[in-house]
Every structure is written in C-alpha cells, then in structure tokens.
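A.B. asks: Provided herewith is a single structure, encoded as structure tokens, for subsequent inquiry.
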Amino acid sequence: MNVIEASGLGKRYGSTWALRECTLAIPAGHVAALVGPNGAGKTTLLNMAVGLATPSAGRVTVLGGRPAGSLAALDGIAFVAQDTPMYKNLSAADMLHLTRNLNHRFDQHYAEARLADLGIPLKRKAGRLSGGQQAQLALTLALARHPLLLLLDEPVAMLDPIARHDFMATVLTAMADEGVSVVLSSHVLAELERVADYLIVLSRGQVQVAGEVDDLLASHRMLTGPAGEVARCAGRPVVQLRRGEVQAHMLVRATADNPVPAGWEAHPVGLEELVLAYLREPGAAALPGPTLLRDAEPSGVTQ
Amino acid sequence: MTALSIPARPAEDASLRPVPWRRMGWVTWRQHRFALTGVVVFLGAVAVYVWINGLQLHHAYAAAAACHPATSLACSRLIGEFRVGSFLANGFNLQAVPALIGAFAGAPVLARELETGTFRYAWTQGFGRWRWALAKLVPLAVAVTAAAGAFSALLSWYYQPLFLARNPLTLFPIPSNSLGAGMFDLRGVAFAAWTLAAFAIGALAGMLIRRVVSAMAVTLAAYAGLAFATGLYLRLHYLPPEVARNSFSFFVSDPARPVVVVSQWWTKGGTTVSPSAMNQVINSTFQRMMPVVHSSKEGAVAALKQPTNLHVLHFLTQHGYTQWTSYQQASRFWPIQWIEGGWLFALAVLLMAATVWLVRRRAA
Chain R
56 MNVIEASGLG KRYGSTWALR ECTLAIPAGH VAALVGPNGA GKTTLLNMAV
106 GLATPSAGRV TVLGGRPAGS LAALDGIAFV AQDTPMYKNL SAADMLHLTR
156 NLNHRFDQHY AEARLADLGI PLKRKAGRLS GGQQAQLALT LALARHPLLL
206 LLDEPVAMLD PIARHDFMAT VLTAMADEGV SVVLSSHVLA ELERVADYLI
256 VLSRGQVQVA GEVDDLLASH RMLTGPAGEV ARCAGRPVVQ LRRGEVQAHM
306 LVRATADNPV PAGWEAHPVG LEELVLAYLR EPGAAALPGP TLLRDAEPSG
356 VTQ
Chain D
5 MTALSIPARP AEDASLRPVP WRRMGWVTWR QHRFALTGVV VFLGAVAVYV
55 WINGLQLHHA YAAAAACHPA TSLACSRLIG EFRVGSFLAN GFNLQAVPAL
105 IGAFAGAPVL ARELETGTFR YAWTQGFGRW RWALAKLVPL AVAVTAAAGA
155 FSALLSWYYQ PLFLARNPLT LFPIPSNSLG AGMFDLRGVA FAAWTLAAFA
205 IGALAGMLIR RVVSAMAVTL AAYAGLAFAT GLYLRLHYLP PEVARNSFSF
255 FVSDPARPVV VVSQWWTKGG TTVSPSAMNQ VINSTFQRMM PVVHSSKEGA
305 VAALKQPTNL HVLHFLTQHG YTQWTSYQQA SRFWPIQWIE GGWLFALAVL
355 LMAATVWLVR RRAA
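Here it is in structure tokens:
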C-alpha cells in the first residue's frame, strides 16, 4: 500500500506554481522525509495530502487510494501542522477531550499516560505550555488516534535540540510499536539521518529525488581525483562536481561494484551530503528513477 | 522518553460511518461557551432594565386608562406620566442588539480558526470539515435566535400599552408607527429573525475575511445596510400598498384605523408633478391666500384668517391637482412580520449553507 500517491499533482497560487508535475508514491512502513529548501512545496504537498488544499492539477490519494480529505482518509491520517496550532485557551485535558470527540478512535489512557510521562500538566492551558511541550501535546493527540499515517509538517523546526530529540524518539517508538507510517517534512538535515529511511527531495516545486535511503546511499559514490581528469569519469551520471586547484570531487550515481577510474578514489556518501549535493544542483541533477513507481514516468527529470 | 506502547488498533469497520453528530455538542459548547454566556448575560442585563421599566409603564397605562373622565385635569396628568423610558423610546437603540450578536457571536466562529491557524487542526480530524462547520453553526444559530426570541417577547410585552389604541391614549404618536423602522423589528418574529440573519452574516464574513476584527466590522456594516434598506423601503412594499385619492385625513392620526404612509405624490391632468414643482405651487398658493395686512390692528384679525394647510390643499384640488397617498394599514402587522421573518430566515439558511460550502471547498 502507498500511503501517499500523487500523479501530475500541481498547486498554483496566482501565477506561481508552489508544486508542479509531482508524481510520487510513498510506500507504507517508512519514516519518509520530505526535504527541500523553503518554498520548495513541502507544506503544499502535505496540505493537499490531508485535504487542506485542493490541487490545481493532477490528483493525490492516501492510504491505498482514499481520496485526500475524504472522511475515510481523515480517519486514518493524523496531521500535525507547522507550529502545532492549538486552542490556546483550552487546557491539555480539554484538547484530549476535543480530539476524542472529533474522532472514532482515541486512546485516552495512552494520551494521559504519555502526558504524565512528559511532565505536561493536564490542567495547564495549551497557550501556556512551552514550544516543546506544545509540539509533544500535538504529537500525543495525533498518536492517540491510532492513525495509519502520521503527517508531520516541520515538526521540529521550532524546537531546541533536546525537545527535538525527544520528539523524534516518540515518533520512532510509535513507528516501531504500531507500524505507523510517517511522512515528515523538514529542513533540519542532521535529524533525518537518524530517523528517515525514505527520502523525497523537493526543489522548486518539483520532485528531485525519491527512494529508500539505503538504496540511494548504495547508488551514489563520491569520486575524488585529479582536477584535470574529470572527463575520464564522464561515464556515470554526475550529480555534482566540485573542482578545486588540484582535486575534483564528484558525486556520481554509481554502486560499489562500478569500476573506479585509475587515479580516482571512491567513497560512500552520507545522507546529509547527498541531499545537499542535490539541493545545490537543482537544475543539473538527473533523478534516480523512483524504484517504486512502476507505471509512471520518473518524475522531476529536468527539462 | 516514553516507554509506553500503543495498544493494537481496534477494528477498522468503524471508519466506514462518520463520527456521530452529537459528539460535536461538547466541542461547540466548550469552544463557544464564553460567547454564548456573553449573549445571555448581555440580553439578561438589558432585559432586567426593560422589565423594571415595563412594570412602571404598564402600571402608568392601567392608571391612565382607568381614569374618568378622560378630559379632567387629574387624568391629563396621569396621561402625561405615561411615557416610555428615553433609552427605549425610539426603539433604534435596541436595533443594535442583533448586529452586536452577529458581530461578537457569529463572526469569530470561523474567523478565529482561520486567523490563529487552528483550522489546520480542526479540519483534519476524523469528523470532517464541512460536518464540523455545520455542527458548529446550527446549534449556535439556534441558541442565539432562541435567546433573541425570548428577549423580543419581553419587548413586545413592554411596548404593548403603546399599541392599545384606546382613548385616552391617542395623544401618543406611536400606534401609527407600528410598521416603522424603530418599533417593528423589536417585536413579533422580526427580532429573532434579524438576530439569526446577523449571525449568518457574521459567520460568512468570518469565513471570507479570515480576520476576527475585520469580519466583525464588516458584519456590523452589512447588517446596518440591510436594516436601513428594509426599514426605509422594503418593508412597506412586501404587500402592495393601498392608494387613496385626496385623503387628507392621513395627516391626522386616526386611532381607530392607523395607517403608515408609504408615499405621496401629486398629479395634474394625468401627469405626475415633481415634488419640487409641487412645493412651489403650494407655497405660491399659500402666499396668494394670505390676507393683505395694512395695520397692526388688522394683523391680529388676519392671523385668525390665515389659511391652514387643509385650506391650501382643498384649493389645489379644486384647481385640477390630485393628491395620491399610498399606505399600509397597521393591521397588516402580522402578515408583514411573517414575510420579513420568512425572508430573513431563508437568507440566513442560504448564508450558512454558503459558509459550509466554502469550508468544504476552501483551499488553504
């Protein structure tokens, strides 16, 4: 089952496309990271997946074909929006009550126990909780619904490192214990390395990279060699080339089995390094074809 | 870091049917209890004032009505005491009540969610967003309409003595004004209907404008425009007015058969005379009929011979002018009440349906 499936999805605000020609399928059972610079269309994509925005072009379904925003879709998705908007004048207990009334499933016992664990007083108003506590409360409300899919829009952007760590730990626990699929958008790259096992890179409103993290890492190599001999490596698709006085660094699509030209060294790359290379070369990068799309064109191929 | 594990997910079949409507009851109450309490406290405070004044008014009316003979000095003093409190006298002050309810209870319902971003929480819960909007708007609308209806029942009781067209109270000018802008919409079903419409205007304005304060301002302006248009023109044309020819008695209030004049115009030889031209004719006729005064002694006599309006009008009708008066009988109070209540109710339903439709359609 694909938790999010988009084909030719586009969203236009006025004359600018926030997202265009987005075709992707995020399979269930992953913590998928949606990465991209500000304005790349991450929030737009998530909003359309949860029904808060209607597509200008194409279509998007969730949880194996449920139309985005339909009652069946909303029932299975828990969405934590950017800056975790909450009714500031309601207490944490009221927020639990509210969410319980608005959904089929709500695990009051789990929610209360988790808030107690986090030291969040039930009687305190949501507006008087710290940023980290608000984020944790929002996440608790989302998880207590027992969703099939958890969508998090920039969940840790406003949090300090400890709160960020705790938040992500909660997400991973839920993922491990219950098999919740997670799609989160973030521009905090360092965090992703630890949590994400599926990666989508959005750039200028288009999908640039999509695939499992392990596959992506295995299919990219950093080649280092003499600056004058760059042409010898031209056999592989080059993602990024950095040429110094003496040495050149080249991120290429290649596996460990591919032969390395004489005089060059090949190193595996880290996720952060890989993402940065793609983000720095939004135009030049050819896309590694999303392996999970069988019937669709590889998306994000540059014109 | 929590060590809690989430229990296994319950059966999925529950997701096939929507979350029950009644679950929104607590949500709506919890989120809008201050607005609702505010409406009740506000109306309650005004109601106490109206009630205290109403007791005095009814007492004064009973005393004046029981007084015999009506022309005696004692009776005229009693009649003099029978008057409406200044705040309630013209009825226009209380016209603000529906507008305030619309602005303070109606406009924030959606505008606050959109302004603070909480709609991203509310609209992504399993209940569904258009159902959420409907489940909020309908009970709130019913609540404020019921509160306004109760309040207007009290107002009807308060103003009741003024409309009992009985001697010796004919001096009181209000009975002929029972369809006028001030009194009409405070009584009957109109007040509740106006409150419902104001609430619906507020809800839609909030949805469209997405800012609480701006939505409140627009609600007040839209309500004022609608109320003025209705009071000044629409209301007197729900039913075709009756037309009378040269019926000058309308200038004098007839307590037995009160009417409200819709408009008056003059014709001469089948063509309408413009109001400004007619004014000149009336003025010149008046001048011509004035006796010529030569000395102060004659002046005193001439003052007695001064033509009245009625003289002038009779003179004009004898010289080919015809005065037409269209009017509504005050006895049409209830038909007009139901017409006004009906279209306001339909308008409110339409506006709320539009609001819910927008919630469903709106792209964030």
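Each protein sequence line maps, in turn, to chains R and D.
The opening residue of the first sequence carries number 56 in the numbering used here; numbering runs sequentially from there.
The opening residue of the second sequence carries number 5 in the numbering used here; numbering runs sequentially from there.
We put the CB at the ideal spot given by N, CA and C, even for glycine.
(1) Can we count R:Gly283 as close to the ligand FMN, meaning its CB is less than 7 angstroms from some heavy atom?
(2) What are the start and end residues of the beta strand (DSSP E) that includes R:Asp208?
(3) Terminal residues of the continuous alpha helix (DSSP H) containing D:Phe349?
(4) Check the Cβ of R:Pro140 against every Cβ in chain D and list those closer than 7 angstroms, keeping chain order.
(5) Please decide whether R:Val105 counts as near chain D, where near means a Cβ-Cβ distance under 8 angstroms.
(6) Counting only beta-carbon atoms, is D:Leu362 nearer than 8 angstroms to chain R?
(7) Would you mind giving the Cβ-Cβ distance between R:Val86 and R:Tyr253, rounded to the nearest angstrom? I have them listed as a contact below 8 angstroms.
(8) At the level of alpha carbons, what is the spacing between D:Ala231 and D:Ala197?
(9) Considering only DSSP beta bridges, list what R:Leu296 is partnered with.
(10) Could you tell me whether the Cβ of D:Val217 comes closer than 8 angstroms to any Cβ of chain R?
(11) Show which residues of chain R have a CB atom less than 8 angstroms away from the CB atom of D:Phe232.
(12) Short check: CB of R:Val324 to CB of R:Arg249, under 8 angstroms?
(13) Express the C-alpha separation of R:Val90 and R:Arg75 in angstroms, rounding to a whole number.
(14) For R:Ala136, go through chain B and note every residue whose CB falls closer than 8 angstroms to its CB, in chain order.
(15) Given D:Ala358, which residues of its chain have a CB within under 8 angstroms of its CB, disregarding the five upstream and five downstream residues?
(16) Could you work out which residues of chain R lie near D:Val31, taking near to mean beta carbons separated by less than 7 angstroms?
(17) For R:Leu129, return the contacting residues in chain D, with the cut-off set at a CB-CB distance below 9 angstroms.
(18) I'd like to know whether the C-beta atoms of D:Val146 and R:His159 end up nearer to each other than 8 angstroms.
(19) D:Pro22 CB to nearest chain R CB: under 8 angstroms?
(20) Quick one: which unbroken alpha helix (DSSP H) runs of 4-plus residues sit fully inside the region 130-207 of chain R? Chain order, please.
(21) Look at the Cβ atom of R:Leu205, then the Cβ atom of R:Val237, and state whether they are nearer than 8 angstroms.
(22) Kindly say whether D:Arg37, judged by its beta-carbon, lies nearer than 8 angstroms to any beta-carbon of chain R.
(23) Determine, using beta carbons only, whether D:Arg214 comes closer than 8 angstroms to chain R.
(24) Which residues in the same chain have their Cβ closer than 7 angstroms to the Cβ of D:Gln341, if we skip the five residues on either side of it in sequence?
(25) Is DSSP giving D:His63 helix, strand or coil here?
(26) Cα separation between R:Leu64 and R:Ala95?
(27) Give me the chain D residues within the contact set of R:Asp269, using Cβ-Cβ distance strictly less than 8 angstroms, ordered along the chain.
(28) Tell me whether the region 158-175 of chain R and the region 136-143 of chain D touch, counting them as touching only if at least three CB pairs, one residue from each stretch, are closer than 8 angstroms.
(29) Let me know the secondary structure DSSP gives D:Gln129 once reduced to three states.
(30) How many whole angstroms separate the CB atoms of D:Met293 and D:Val277, which I take to be in contact at a CB cut-off of 8 angstroms?
(31) Got a sec? Which residues, its chain only, sit under 6 angstroms from R:Ala136 by beta carbon, not counting five neighbours each side?
(32) Using the Cα positions of R:Gly266 and R:Ile255, report the straight-line distance between them to the nearest angstrom.
(33) Judging by CA-CA distance, which residue of R:Ala286, R:Met230, R:Ser111, R:Lys97 is the nearest neighbour of R:Arg298?
(34) Chain D beta carbons: is any one of them nearer than 8 angstroms to that of R:Asp215?
(35) If we ignore side chains and look at the alpha-carbon of each, how far apart do D:Asp189 and D:Ala202 end up?
(36) Give me the DSSP bridge partner(s) of R:Ala88.
C.D. replies: By the coordinates alone:
(1) Judged by which ligands are present, the structure shown has none, so any question about the ligand FMN falls away.
(2) The residue given as residue 208 of chain R occupies position 153 in the first sequence. Per DSSP, R:Asp208 belongs to the beta strand (DSSP E) from 204-208.
(3) The residue you call residue 349 of chain D lines up with position 345 of the second sequence. For D:Phe349, the uninterrupted alpha helix (DSSP H) run begins and ends at 337-365, by DSSP.
(4) As a position in the first sequence, residue 140 of chain R is number 85, starting the count at 1. By Cβ distance, chain D contributes Thr120, Gly121, Thr122, Arg124, Tyr125.
(5) If you number the first sequence from 1, residue 105 of chain R lands on position 50. Yes, R:Val105 lies at the interface with chain D (some Cβ there is under 8 angstroms from its Cβ).
(6) Here residue 362 of chain D corresponds to residue number 358 of the second sequence, with the count starting at 1. Judged by the 8 angstroms Cβ criterion, D:Leu362 is not in contact with chain R.
(7) Numbered from its first residue, the first sequence carries residue 86 of chain R at position 31. Numbered from its first residue, the first sequence carries residue 253 of chain R at position 198. Taking 8 angstroms as the upper bound for CB-CB distance, R:Val86 and R:Tyr253 are in contact here, some 7 angstroms apart.
(8) As a position in the second sequence, residue 231 of chain D is number 227, starting the count at 1. As a position in the second sequence, residue 197 of chain D is number 193, starting the count at 1. Roughly 12 angstroms between the two C-alpha positions.
(9) Within the first sequence, residue 296 of chain R is the residue found at index 241, counting from 1. Partner(s): R:Met305.
(10) Residue 217 of chain D sits at position 213 when you count from the first residue of the second sequence. When Cβ-Cβ separations below 8 angstroms define contact, D:Val217 makes no contact with chain R.
(11) Here residue 232 of chain D is taken as the residue at index 228 of the second sequence, counted from 1. Neighbours of D:Phe232 across chain R, judged by C-beta separation under 8 angstroms, do not exist; the nearest C-beta is about 36 angstroms away.
(12) Locating residue 324 of chain R in the first sequence gives position 269, counting from the first residue. Locating residue 249 of chain R in the first sequence gives position 194, counting from the first residue. Their beta carbons are not under 8 angstroms apart, which means R:Val324 does not touch R:Arg249 by this criterion.
(13) Counting from 1 along the first sequence, the entry for residue 75 of chain R is found at position 20. Counting from 1 along the first sequence, the entry for residue 90 of chain R is found at position 35. In this model, R:Arg75 and R:Val90 are separated by some 16 angstroms (Cα to Cα).
(14) This model lacks chain B altogether, as its protein chains are R and D.
(15) Here residue 358 of chain D refers to the residue found at position 354 when the second sequence is read from its first residue. Excluding sequence neighbours, D:Ala358 sits near Leu208.
(16) Here residue 31 of chain D corresponds to residue number 27 of the second sequence, with the count starting at 1. Contact note: D:Val31 reaches chain R through Leu153, Asn156, Leu157, using a C-beta cutoff of 7 angstroms and chain order.
(17) Position 74 of the first sequence, counting from 1, holds the residue named residue 129 of chain R. Against chain D, the beta carbon of R:Leu129 has neighbours under 9 angstroms at Trp127, Thr128, Gln129, Gly130, Phe131, Gly132, Arg133, listed in chain order.
(18) Stepping through the second sequence from its first residue, residue 146 of chain D is reached at position 142. Stepping through the first sequence from its first residue, residue 159 of chain R is reached at position 104. Contact flag unset, no.
(19) Position 18 of the second sequence, counted from the first residue, corresponds to residue 22 of chain D. Answer yes: the Cβ-Cβ gap between D:Pro22 and chain R drops below 8 angstroms somewhere.
(20) Correct list: 147-156, 163-173, 186-199.
(21) Residue numbering aside, residue 205 of chain R sits at position 150 when the first sequence is read from its first letter. Residue numbering aside, residue 237 of chain R sits at position 182 when the first sequence is read from its first letter. Contact: yes.
(22) Taking the first residue of the second sequence as position 1, residue 37 of chain D is located at position 33. It does not: the Cβ of D:Arg37 has no partner Cβ on chain R nearer than 8 angstroms.
(23) Indexing the second sequence from 1 puts residue 214 of chain D at position 210. D:Arg214 does not count as touching chain R.
(24) In the second sequence, residue 341 of chain D corresponds to position 337, counting from 1. Closer than 7 angstroms at the Cβ level, and outside the excluded window around D:Gln341, lie Gly192, Val193, Ala194.
(25) On the second sequence, residue 63 of chain D is found 59 positions in, with the first residue counted as 1. DSSP places D:His63 in the helix class (H, G or I) of the three-state scheme.
(26) Position 9 of the first sequence, counted from the first residue, corresponds to residue 64 of chain R. Position 40 of the first sequence, counted from the first residue, corresponds to residue 95 of chain R. So the two alpha carbons sit approximately 14 angstroms from each other.
(27) Looking up residue 269 of chain R in the first sequence gives position 214. Those within 8 angstroms of R:Asp269 in chain D number zero; the least Cβ separation is about 26 angstroms.
(28) Because the criterion of three Cβ pairs below 8 angstroms is not met, the region 158-175 of chain R and the region 136-143 of chain D do not touch.
(29) Position 125 of the second sequence, counted from the start, is the residue given in the question as residue 129 of chain D. Residue state, collapsed to three classes: coil.
(30) Locating residue 293 of chain D in the second sequence gives position 289, where the first residue counts as 1. Locating residue 277 of chain D in the second sequence gives position 273, where the first residue counts as 1. Not a contact, Cβ separation roughly 19 angstroms.
(31) Counted from its first residue, the first sequence places residue 136 of chain R at position 81. Residues Asp208 of the same chain have their beta carbon placed closer than 6 angstroms to that of R:Ala136, with the five preceding and five following residues left out of the count.
(32) Along the first sequence, read from residue 1 onward, the residue named residue 266 of chain R stands at position 211. Along the first sequence, read from residue 1 onward, the residue named residue 255 of chain R stands at position 200. Distance between the alpha carbons of R:Gly266 and R:Ile255: 7 angstroms.
(33) The residue given as residue 298 of chain R occupies position 243 in the first sequence. Closest by alpha carbon: R:Ala286.
(34) Within the first sequence, residue 215 of chain R is the residue found at index 160, counting from 1. With its beta carbon at least 8 angstroms from every one in chain D, R:Asp215 lies outside the interface.
(35) Residue numbering aside, residue 189 of chain D sits at position 185 when the second sequence is read from its first letter. Residue numbering aside, residue 202 of chain D sits at position 198 when the second sequence is read from its first letter. Roughly 13 angstroms between the two C-alpha positions.
(36) As a first step, residue 88 of chain R is located in the first sequence; it is residue number 33 there, counting from the start. Answer is R:Leu239, R:Leu254.
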